[in-house]
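S.K.:
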Amino acid sequence: MTRQRILRIVLLITGLMTLAWFAVGANNAGITFDHPFHVTDAEMACEGCHVGIMDTQIGDRVVMPDHSVCEMCHDVEDDGECATCHEGEAVAMPARFIGDQYTNYSHSSHQEFNCDECHGSVATSDPVFPESETCLTCHEHLEATPNTHRLASWHSDHGMDAMMSESECAVCHTQSSCDECHQGENVLANAPHPPEWRFSHGLETMYGQECLTCHETRDECITCHRAVVPTPHDLGPNFANTVNGGAHVDEAKGFILACLSCHDIENDDPTCARCHD
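The sequence shown maps to residues 2 to 278 in the working numbering.
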């Protein structure tokens with residue numbers, strides 16, 4: 002790729018980013034909003050500006066007021082009034098809320114609560130976006146957990162769900178939440194694997210990707226597989242021979258899946274082909 006072509010691509014990307022910046026930011030200048038005045042002095046309800054907020058579900062757009070909401074009380078057409086809410090240049094990007102943002106929170110499921118129970122005392126200070134500790138004041142018991150968490154399969158399936166939708170888990174959970182079960186001695190005590198997993202897990206690594214949910218690198222495999230062959234094989238003189246096959250014949254008859262974990266029998270694995278034509 003020539004330098005001239007690279008330069009054209011860079012200029013094109015820069016131009017598109019500039020257009021997007023103006024499209025999103027021109028009508029969303031850095032906002033200075035006096036929550037204490039509106040809530041305490043004007044005695045306005047939160048839904049007065051955040052119209053329909055209590056009907057939002059997970060995945061809905063964040064409900065932030067625009068000019069159409071402000072003009073219900075303010076003359077937004079008067080240029081002299083801009084400084085009341087907007088600071089800096091007219092096209093200044095907002096400090097928060099850039100473009101379309103979506104919530105991972107269901108306001109409709111929490112209608113019985115007052116807004117300041119989660120968002121702090123907006124009547125006396127700036128709004129507070131709740132941390133996970135705020136949620137734990139109610140959601141520390143089983144009955145407060147989402148319905149999906151109560152399924153019988155949740156223990157074994159939640160890892161894959163977390164890998165596919167990590168942002169949803171992050172609404173309530175941090176890394177320390179995972180470490181409560183997936184660290185130190187708890188790893189084995191809470192392992193979802195059956196007793197014969199040691200001998201059959203290789204098959205899962207070949208045909209499934211669930212391993213990646215918890216095992217991110219091969220370092221954990223090397224702990225057992227640093228030798229030429231897996232540790233379950235006792236390569237003594239009776240393991241395999243050309244007379245009666247040895248002990249591995251009985252192992253294969255009893256649990257052929259263990260062999261298939263590492264040896265591709267259908268495609269003539271070279272290890273097997275030494276004796277099996």
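The beta-carbon is built from N, C-alpha and C at its ideal position, and this holds for glycine as well.
1. Is the beta carbon of cysteine 139 sitting closer than 8 Å to the one on cysteine 47?
2. Along the chain, where does the alpha helix (DSSP H) that runs through cysteine 222 open and close?
3. Below 7 Å CB to CB, which residues in the same chain sit around arginine 97 once its five sequence neighbours on both sides are set aside?
4. Mapping the DSSP letters down to three states, classify arginine 151 as helix, strand or coil.
5. Helix, strand or coil: how does DSSP classify arginine 199 here?
6. Suppose the cutoff is 8 Å on Cβ atoms and the five residues either side in sequence are ignored; what does the same chain contact list for glutamine 112 look like?
7. Where does histidine 1 sit, in a helix, a strand or coil, going by DSSP?
8. I need the straight-line Cα distance from threonine 57 to histidine 183, nearest angstrom please.
9. Would you say the segment 59-79 touches the segment 149-159, given that touching needs at least three Cβ pairs under 8 Å?
10. Are there 16 or more other CB atoms within 10 angstroms of the CB of histidine 36, so buried, or fewer, so exposed?
11. State the Cα-Cα distance for the pair alanine 253 and leucine 261, rounded to the nearest angstrom.
12. Would you mind working out which of Thr146, Val123 and Asp42 sits nearest serine 110, comparing C-alpha positions?
13. Which residue comes first and which comes last in the alpha helix (DSSP H) that contains glutamate 118?
14. Taking buried to mean at least 16 other C-beta atoms within 10 Å of its own C-beta, is cysteine 1 buried or exposed?
15. Work out the CA separation of glutamate 205 and cysteine 71 for me, nearest whole Å.
16. Grab the span of the alpha helix (DSSP H) containing aspartate 251 for me, first residue to last.
17. Beta carbon of phenylalanine 34, beta carbon of cysteine 74: below 8 Å?
18. Determine the DSSP secondary structure at cysteine 182, reduced to helix, strand or coil.
19. Using DSSP with H/G/I as helix, E/B as strand and the rest coil, what is threonine 41?
20. Taking the beta carbon of glycine 203 as the centre, do at least 16 other beta carbons fall within 10 Å, making it buried, or is it exposed?
M.R.: Judging by the given coordinates:
1. Sequence index remark: in the sequence shown, residue 139 carries index 138 (1-based). Sequence index remark: in the sequence shown, residue 47 carries index 46 (1-based). Not a contact, by the Cβ cut-off of 8 Å.
2. Taking the first residue of the sequence shown as position 1, residue 222 is located at position 221. From DSSP, the alpha helix (DSSP H) with cysteine 222 extends over 220-226.
3. Counting from one through the sequence shown, the residue named residue 97 turns up at place 96. Low confidence applies here, because arginine 97 scores a pLDDT of 43, under 50, leaving its location unreliable; read the following figure in that light. Within the same chain, arginine 97 has no close Cβ partners at all.
4. If you number the sequence shown from 1, residue 151 lands on position 150. In the structure shown, arginine 151 sits in a helix (DSSP, three-state: H, G or I).
5. Taking the sequence shown and counting its residues from 1, the one referred to as residue 199 is at position 198. Helix.
6. Position 111 of the sequence shown, counting from 1, holds the residue named residue 112. Annotation for glutamine 112: Met55 place their beta carbon closer than 8 Å to its own, counting only its chain and skipping 5 residues before and after.
7. As shown, the chain starts at 2 and ends at 278. That puts residue 1 outside it, with no answer to give.
8. Residue 57 sits at position 56 when you count from the first residue of the sequence shown. Residue 183 sits at position 182 when you count from the first residue of the sequence shown. C-alpha separation (whole angstroms): 34 Å.
9. Segments in contact, no.
10. Within the sequence shown, residue 36 is the residue found at index 35, counting from 1. With 16 or more other Cβ atoms within 10 Å, it is buried.
11. Taking the sequence shown and counting its residues from 1, the one referred to as residue 253 is at position 252. Taking the sequence shown and counting its residues from 1, the one referred to as residue 261 is at position 260. Put simply, the backbone Cα of alanine 253 is about 9 Å away from that of leucine 261.
12. Walking along the sequence shown from the start, residue 110 turns up at place 109. Taking only the C-alpha atoms, the option nearest serine 110 is Thr146.
13. What you label residue 118 is simply residue 117 of the sequence shown in a count that begins at 1. Segment 117-120, the alpha helix (DSSP H) holding glutamate 118.
14. Nothing can be reported for residue 1, as the shown portion of the chain is limited to 2 through 278.
15. If you number the sequence shown from 1, residue 71 lands on position 70. If you number the sequence shown from 1, residue 205 lands on position 204. So the two alpha carbons sit approximately 58 Å from each other.
16. Along the sequence shown, read from residue 1 onward, the residue named residue 251 stands at position 250. Run containing aspartate 251: 248-255, per the alpha helix (DSSP H) assignment.
17. Reading the sequence shown from its first residue, position 33 is the one you call residue 34. Reading the sequence shown from its first residue, position 73 is the one you call residue 74. No.
18. Looking up residue 182 in the sequence shown gives position 181. Judged by DSSP in its simplified three-state form, cysteine 182 adopts coil rather than helix or strand.
19. Here the question's residue 41 lines up with position 40 in the sequence shown. It is helical.
20. On the sequence shown, position 202 is the one that residue 203 refers to. Taking a 10 Å sphere around the C-beta of glycine 203, we find 16 or more other C-beta atoms and assign the residue as buried.
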